[in-house]
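S.K.: Input: one structure, supplied below.
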Amino acid sequence: MRDFDYIRPATIPDAIAAAAEPGSAYLAGGTNLLDLMKGGITSPERIVDISRLPELNRIERLDDGGLRIGALVRNADLAYDPAFAKSYPAVAEALLSGASAQLRNAATVGGNLLQRTRCSYFYDTASACNRRQPGTGCDALEGENRLHAVLGWSDACIATHPSDFCVPLVALDAVVEIEGKKGRRHVSLEEFHRLPGETPQRENALEPGDLIVAVRLPAEAASFSANARYLKVRERTSYAFAVVSAAAALVVDGGKIRAARLALGGVAAKPWRARSAEAVLLGADASEATFASAADAALADASPSGDNAFKIELARRIVIRALISALSGTPERLPALPASPFSNIPGARHDA
Amino acid sequence: MTSLPITLTINGHRHQLEVDPRVTLLDLLRERLDLTGTKKGCDRGQCGACTVLVDGKRINSCLALAVSHDGAQVLTIEGVANGEELHPVQAAFIAHDGFQCGFCTPGQIMSTLGLIAEGQAGDDPERIREGLSGNICRCAAYGGIVEAVLEAQQQLVKADRRTAA
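These protein sequence lines are chains G and A, in that order. The opening position of the first sequence corresponds to residue 5 in the numbering used here, with each subsequent residue numbered one higher. The opening position of the second sequence corresponds to residue 29 in the numbering used here, with each subsequent residue numbered one higher.
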């Protein structure tokens, strides 16, 4: 690992000033950053350790009914907060379907948003990668790419965003609270992450020095608590990134869908909000036929970026299955295998 | 790079140390303090062999900079037994053949201590398997590990009741 200066600022303004210098990186849980530094994928000259900044590790209920989650709240602490899990069950389920217990004890809310793709060419410094080193090309295009993007990709980059947490968050209109040199601002999570286009190295809306201080959920996000699920297909039962995942949340009244939220994970360089599918669902009968139409709408613009056409059909089926699961109701207690298609829930289908 | 002063309490002993900021908690334990019970498997947070408790919570010590944990309480496998008397989790791993080669075992035991303290798995074998999925055992002693965790947990609950009474 390359030598670096280590700074532990006492205040948020000090942190921002230190991190605005070129070559700086914030350190919080470190679960992704240290891995990247050991592999030489990232080599910061200066580490700004924000892990002890005060006031960023709180979960606060807001007067308007919303929720403000401090950027340093650990993934496990958030998922196991009883009030949080009750109001936002799909978010808790997504958190607990990601990584391992050890990593969830260290990884933070802000860090989860900023984690880098797990594209193996991004991780291999001997490979061409426009995201890691702009202008070098993309070895994934002609490489091992069965797990790569099927939505929103470009010839410059076909990587996916690996987060589970962000998928239900983007479905529930989460907002990222950012503090920077010019003060505090709010960016919707949907607009926070960028699609690659010609500049895959620009992954999000942050400017140098910008610090994520919190993630907010609006009051309406809790209205889906009775019918919200996250479903994630992995290549092994546990402790693996999504091949495809979906967060589905419904408000159903008299057999009609009164409100609907849908987002996909593992399919694009950002958590993918499926607004055209939501439009199909809104006001329609809560039926499998409606869900199939919504799934068609969600994947209408999908195209394989390589040897991954199967992900389009898989995503279609996972959308339908997630909507069926949401309709049948949030379980009293999270299943033993959160978000797993193989969870032992009576009556649940095991064919995707 | 200049070294930075930190204080860590490891297995109840206070250590004042000067560390290069690049040093992970894992390397500090093994290379500086000769606490080699904590194992370096993948060194990338994928195998769980380096699991220790920091301030009571299980983490991968390979993905933790020592300098960032200044002031922390660390528990490693060397601090689990009470003198010659094994901790109930250690005894249960032996009783149930919860290992073969033993390389992953310190991490499995530290992870089990974290799992039991978290109190989320109860006596459901599937929840225990899921809760320990961050600890890989290449000998695949998983059957014995789950039996060991179930028994250790029962014993600790009984011991708690005795203490409470």
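Here a beta-carbon is modelled for each residue, glycine too, at the ideal position from N, C-alpha and C. Note that this is a predicted model, so its numbers are computed, not measured.
#1: For residue 230 of chain G, which residues in the same chain have their Cβ closer than 7 Å to its Cβ, ignoring the five residues on either side in sequence?
#2: If you reduce the DSSP assignment to three classes, tell me which class residue 18 of chain A lands in.
#3: Excluding the 5 residues flanking residue 243 of chain G on each side, which residues of the same chain have their C-beta closer than 6 Å to its C-beta?
#4: Would you tell me roughly how many angstroms separate the C-alpha atoms of residue 300 of chain G and residue 76 of chain G, rounded to the nearest one?
#5: Shortest alpha-carbon distance to residue 43 of chain G belongs to which of G/108, G/252, G/130, G/12?
#6: Would you tell me roughly how many angstroms separate the C-alpha atoms of residue 92 of chain G and residue 69 of chain A, rounded to the nearest one?
#7: Can you tell me where the beta strand (DSSP E) holding residue 86 of chain A begins and where it ends?
#8: Kindly provide the ranges of any beta strand (DSSP E) runs that are 3 or more residues long and lie completely inside the region 94-177 of chain A, ordered along the chain.
#9: Report the option in A/105, A/73, A/52 whose CA atom is closest to the CA atom of residue 141 of chain A.
#10: What in chain G is Cβ-close to residue 143 of chain A, meaning under 9 Å?
#11: What is the rounded straight-line gap between the Cα of residue 319 of chain G and the Cα of residue 251 of chain G?
#12: Could you tell me which chain G residues have their CB closer than 8 Å to the CB of residue 139 of chain A, listed as they occur along the chain?
#13: Using the three-state DSSP reduction, which class does residue 139 of chain G fall into: helix, strand or coil?
#14: Thinking C-alpha only, which one of G/173, G/28, G/94, G/67 is nearest residue 339 of chain G?
#15: If you draw a straight line from the C-alpha of residue 181 of chain G to the C-alpha of residue 117 of chain G, how long is it?
#16: Which chain A residues sit within Cβ distance under 8 Å of residue 42 of chain G?
#17: Check each candidate in G/254, G/36, G/56 and name the one with the smallest Cα separation from residue 71 of chain A.
#18: Which residue comes first and which comes last in the alpha helix (DSSP H) that contains residue 30 of chain G?
#19: Using DSSP with H/G/I as helix, E/B as strand and the rest coil, what is residue 189 of chain A?
#20: Would you please state the rounded distance, in angstroms, between the beta carbons of residue 290 of chain G and residue 322 of chain G? I believe it to be under 8 Å.
#21: For residue 44 of chain A, which three-state DSSP category applies?
#22: Measuring CA to CA, which of A/120, A/172, A/155, A/171 is closest to residue 341 of chain G?
#23: Would you tell me roughly how many angstroms separate the C-alpha atoms of residue 161 of chain G and residue 146 of chain A, rounded to the nearest one?
#24: Going by the beta-carbon positions, is the gap between residue 179 of chain G and residue 193 of chain G smaller than 8 Å?
#25: If we ignore side chains and look at the alpha-carbon of each, how far apart do residue 108 of chain G and residue 169 of chain G end up?
#26: Based on the DSSP output, what are the partners of residue 190 of chain G in its beta bridges?
#27: Rounded to a whole number of angstroms, what is the C-alpha to C-alpha distance between residue 265 of chain G and residue 285 of chain G?
#28: What number of angstroms, rounded off, separates the C-alpha of residue 106 of chain G from the C-alpha of residue 138 of chain G?
#29: Check whether the region 195-213 of chain G touches the region 272-280 of chain G, taking contact to mean three or more Cβ pairs, one atom from each stretch, closer than 8 Å.
#30: Would a check of beta-carbon distances place residue 95 of chain A closer than 8 Å to chain G?
#31: Using CA coordinates, which residue listed in A/100, A/172, A/88 is at the minimum distance from residue 41 of chain A?
#32: At which residues does the beta strand (DSSP E) containing residue 236 of chain G begin and terminate?
M.R.: Once the coordinates are examined:
#1: Here residue 230 of chain G is taken as the residue at index 226 of the first sequence, counted from 1. Closer than 7 Å at the Cβ level, and outside the excluded window around residue 230 of chain G, lie 333, 334.
#2: Past the boundaries of the shown model lies residue 18 of chain A; chain A is included only from 29 to 193, so the question cannot be answered.
#3: Here residue 243 of chain G is taken as the residue at index 239 of the first sequence, counted from 1. Result list for residue 243 of chain G: 104, in chain order.
#4: Locating residue 300 of chain G in the first sequence gives position 296, counting from the first residue. Locating residue 76 of chain G in the first sequence gives position 72, counting from the first residue. Each residue's Cα considered, the two are about 38 Å apart.
#5: What you label residue 43 of chain G is simply residue 39 of the first sequence in a count that begins at 1. Answer by Cα proximity: G/130.
#6: By 1-based counting over the first sequence, the position of residue 92 of chain G is 88. By 1-based counting over the second sequence, the position of residue 69 of chain A is 41. Their backbone Cα atoms lie some 36 Å apart in a straight line.
#7: Position 58 of the second sequence, counted from the first residue, corresponds to residue 86 of chain A. Taken as a continuous stretch (DSSP letters only), the beta strand (DSSP E) holding residue 86 of chain A covers 85-88.
#8: 101-103
#9: Here residue 141 of chain A refers to the residue found at position 113 when the second sequence is read from its first residue. That would be A/105, whose Cα lies nearest to the Cα of residue 141 of chain A.
#10: Here residue 143 of chain A refers to the residue found at position 115 of the second sequence. The contacting residues are 105.
#11: Position 315 of the first sequence, counted from the start, is the residue given in the question as residue 319 of chain G. Position 247 of the first sequence, counted from the start, is the residue given in the question as residue 251 of chain G. For residue 319 of chain G and residue 251 of chain G, the distance between alpha carbons rounds to 11 Å.
#12: Sequence index remark: in the second sequence, residue 139 of chain A carries index 111 (1-based). Result: 105, 106.
#13: For the purposes of this step, residue 139 of chain G is taken as the residue at position 135 of the first sequence. Three-state DSSP puts residue 139 of chain G in coil, outside helix and strand.
#14: One-based indexing of the first sequence puts residue 339 of chain G at position 335. Closest option to residue 339 of chain G, Cα to Cα, is G/94.
#15: Taking the first sequence and counting its residues from 1, one reaches residue 181 of chain G at position 177. Taking the first sequence and counting its residues from 1, one reaches residue 117 of chain G at position 113. Distance between the alpha carbons of residue 181 of chain G and residue 117 of chain G: 12 Å.
#16: Taking the first residue of the first sequence as position 1, residue 42 of chain G is located at position 38. Ordered by position in chain A, the residues that pass the 8 Å Cβ test against residue 42 of chain G are 71, 72.
#17: The sequence position of residue 71 of chain A within the second sequence is 43, counting from 1. Checked all of G/254, G/36, G/56; the closest Cα to residue 71 of chain A is G/36.
#18: Here residue 30 of chain G refers to the residue found at position 26 when the first sequence is read from its first residue. Where residue 30 of chain G is concerned, there is no enclosing alpha helix (DSSP H), although the beta strand (DSSP E) it sits in stretches over 28-31.
#19: Mapped onto the second sequence, residue 189 of chain A falls at position 161. Residue 189 of chain A: helix per DSSP, three-state reduction.
#20: To locate residue 290 of chain G, count along the first sequence from 1; it is residue 286. To locate residue 322 of chain G, count along the first sequence from 1; it is residue 318. With 8 Å as the limit, residue 290 of chain G and residue 322 of chain G do not qualify as a contact, their Cβ atoms being about 18 Å apart.
#21: Counted from its first residue, the second sequence places residue 44 of chain A at position 16. Residue 44 of chain A falls in the strand class under three-state DSSP.
#22: Residue numbering aside, residue 341 of chain G sits at position 337 when the first sequence is read from its first letter. If we check each option's Cα against that of residue 341 of chain G, A/155 comes out closest.
#23: Position 157 of the first sequence, counted from the first residue, corresponds to residue 161 of chain G. Position 118 of the second sequence, counted from the first residue, corresponds to residue 146 of chain A. Cα to Cα, the separation comes out at about 40 Å.
#24: Working through the first sequence from its first residue, we reach residue 179 of chain G at position 175. Working through the first sequence from its first residue, we reach residue 193 of chain G at position 189. In this structure, residue 193 of chain G lies closer than 8 Å to residue 179 of chain G by Cβ.
#25: Within the first sequence, numbered from 1, the residue matching residue 108 of chain G stands at position 104. Within the first sequence, numbered from 1, the residue matching residue 169 of chain G stands at position 165. Each residue's alpha carbon lies about 11 Å from the other.
#26: For the purposes of this step, residue 190 of chain G is identified with residue 186 of the first sequence, where counting begins at 1. For residue 190 of chain G, the pairing in a beta bridge is given by DSSP as G/181.
#27: Working through the first sequence from its first residue, we reach residue 265 of chain G at position 261. Working through the first sequence from its first residue, we reach residue 285 of chain G at position 281. Approximately 9 Å, taken between the alpha carbons.
#28: Locating residue 106 of chain G in the first sequence gives position 102, counting from the first residue. Locating residue 138 of chain G in the first sequence gives position 134, counting from the first residue. The alpha-carbon atoms of residue 106 of chain G and residue 138 of chain G are separated by roughly 34 Å.
#29: With the cut-off at 8 Å, the region 195-213 of chain G and the region 272-280 of chain G touch.
#30: Locating residue 95 of chain A in the second sequence gives position 67, where the first residue counts as 1. It does; some Cβ of chain G falls within 8 Å.
#31: If you number the second sequence from 1, residue 41 of chain A lands on position 13. Nearest C-alpha to residue 41 of chain A: A/100.
#32: Sequence index remark: in the first sequence, residue 236 of chain G carries index 232 (1-based). Element bounds for residue 236 of chain G: 232-237.
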